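Undergrad:
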Amino acid sequence: VLQGLLYDATGERAAEVVDLLRAKSLPGRHNWQNAAAAYSAVRGLGLTSQEAADGLMTFPGLAHRMETVAHVGKVRFVNDSKATNADAARQAMSSYPKFYWIAGGQPKTGGIDDLTDLFPRIEKAYLIGEAQPAFAEVLKGKAKVAECGTIEVATAMAYADALAAGQDAVVLLSPACASFDQFADFEARGEAFRAAVNALTIPAAKGARA
Numbered sequence: 002v003l004q005g006l007l008y009d010a011t012g013e014r015a016a017e018v019v020d021l022l023r024a025k026s027l028p029g030r031h032n033w034q035n036a037a038a039a040y041s042a043v044r045g046l047g048l049t050s051q052e053a054a055d056g057l058m059t060f061p062g063l064a065h066r067m068e069t070v071a072h073v074g075k076v077r078f079v080n081d082s083k084a085t086n087a088d089a090a091r092q093a094m095s096s097y098p099k100f101y102w103i104a105g106g107q108p109k110t111g112g113i114d115d116l117t118d119l120f121p122r123i124e125k126a127y128l129i130g131e132a133q134p135a136f137a138e139v140l141k142g143k144a145k146v147a148e149c150g151t152i153e154v155a156t157a158m159a160y161a162d163a164l165a166a167g168q169d170a171v172v173l174l175s176p177a178c179a180s181f182d183q184f185a186d187f188e189a190r191g192e193a194f195r196a197a198v199n200a201l202t203i204p205a206a207k208g209a210r211a
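The sequence shown begins at 2 in the working numbering and counts up one residue at a time.
1. I'd like the span of the beta strand (DSSP E) that includes Arg103, first residue to last.
2. Nearest to Gly29 by alpha carbon, out of Ser180, Ser95, Leu140, Ala16?
3. In three-state DSSP terms, what is Ala147?
4. Kindly give me the distance between the Cβ atoms of Lys99 and Arg122, rounded to whole angstroms, as I take these residues to be in contact under 8 Å.
5. Determine which residues share a DSSP beta bridge with Leu128 and list them.
6. So is Gly167 buried or exposed if we call it buried at 16+ other beta carbons inside 10 Å?
7. Short check: CB of Leu1 to CB of Val146, under 8 Å?
8. If we count Cβ pairs, one from each stretch, closer than 8 Å, do we get three or more for the stretch 164–178 versus the stretch 40–54?
9. If distances are taken between C-alpha atoms only, which option among Ala177, Val70, Asn80, Ala155 comes closest to Asp114?
10. Bridge partners for His31 per DSSP, in chain order?
11. Taking all protein chains shown into account, decide if Leu3 is buried (16 or more other Cβ within 10 angstroms of its Cβ) or exposed.
12. If you count every other CB in all the chains shown that lies within 10 Å of the CB of Gly105, and 16 or more means buried, which is it?
13. Check whether the Cβ atoms of Ala159 and Tyr101 sit closer than 8 Å, and answer yes or no.
14. How would you call Asn199, buried or exposed, if buried means at least 16 neighbouring beta carbons within 10 angstroms?
15. Have a look at Gln107 and Ala137 and give me their C-alpha separation to the nearest angstrom.
16. Let me confirm a value: Thr85 is counted as buried when at least 16 other C-beta atoms fall within 10 Å, else exposed. Which label applies?
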């Protein structure tokens, strides 16, 4: 994969197969690598190059793993609740040039210290859960922060800010934390985010401290 273009190099000359930049459910280099591996596997099973490419382009993605749950106007909501540590969150954060970041929960060792190179991409961070004060301190002076407490407040406030900006925007739930302070598991956290997105009607975010 070069600059998002997937090539098949099994013949005498490498042939372009598909532009993965157009595969909305496969953003980011790590997903491109996964796509290349999947392409190789299904080609080995006998699928044609076109059949494999069509499968990649229509792949809906996996729940809670950089899953687009909705578009509301110009705002895209991405559920990456499976990102329970900084390394996992890095994959999602690296996939978007700018985003409104919902983060926090039960913190892991090291917190988000290793993500400082990605802080310039954050339009604003909306913090939840036990990690809220520690994450706010790390982000201080490096990104705008709102201490929201709950995922419902964070989602509503992120939407309000993204809507006010008037441009295409991504609201990214990629918590870099475990979920057990507020949820049974990361799936429950992702479903709470989905419900919060579905409940959006007007820009509102009562209870947040910006």
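Every residue gets a Cβ at the ideal spot worked out from N, C-alpha and C, and that includes glycine. It should be emphasised that the depicted structure is a prediction, and the values quoted were computed from it without experimental measurement.
TA: Taking the coordinates as given:
1. In the sequence under discussion, the amino acid at residue 103 is Ile, which differs from the Arg named in the question. Segment 100–105, the beta strand (DSSP E) holding Ile103.
2. The shortest C-alpha separation from Gly29 is found at Ser95.
3. Three-state DSSP puts Ala147 in a strand.
4. The Cβ separation is near 6 Å, so the contact holds.
5. The beta-bridge partner set that DSSP reports for Leu128 consists of Ala104, Glu148.
6. When all chains shown are included, Gly167 counts as exposed.
7. Given a span of 2 to 211 for the chain in the structure shown, any question on residue 1 remains unanswerable.
8. The stretch 164–178, when compared against the stretch 40–54, does not touch it at the 8 Å Cβ threshold.
9. Out of Ala177, Val70, Asn80, Ala155, Ala177 has the C-alpha closest to the C-alpha of Asp114.
10. Beta-bridge partners of His31 (DSSP): none assigned.
11. Within a 10 Å sphere around the beta-carbon of Leu3 sit fewer than 16 other beta-carbons, which makes this residue exposed.
12. Taking every protein chain shown into account, the CB of Gly105 has 16 or more other CB atoms within 10 angstroms, so this residue is buried.
13. Yes, they are a contact pair.
14. By the Cβ neighbour-count rule, Asn199 is exposed, with fewer than 16 other Cβ atoms within 10 Å of its own.
15. Rounded to the nearest whole angstrom, the C-alpha separation of Gln107 and Ala137 is 14 Å.
16. With 16 or more Cβ atoms within 10 Å of its Cβ, Thr85 is classed as buried.
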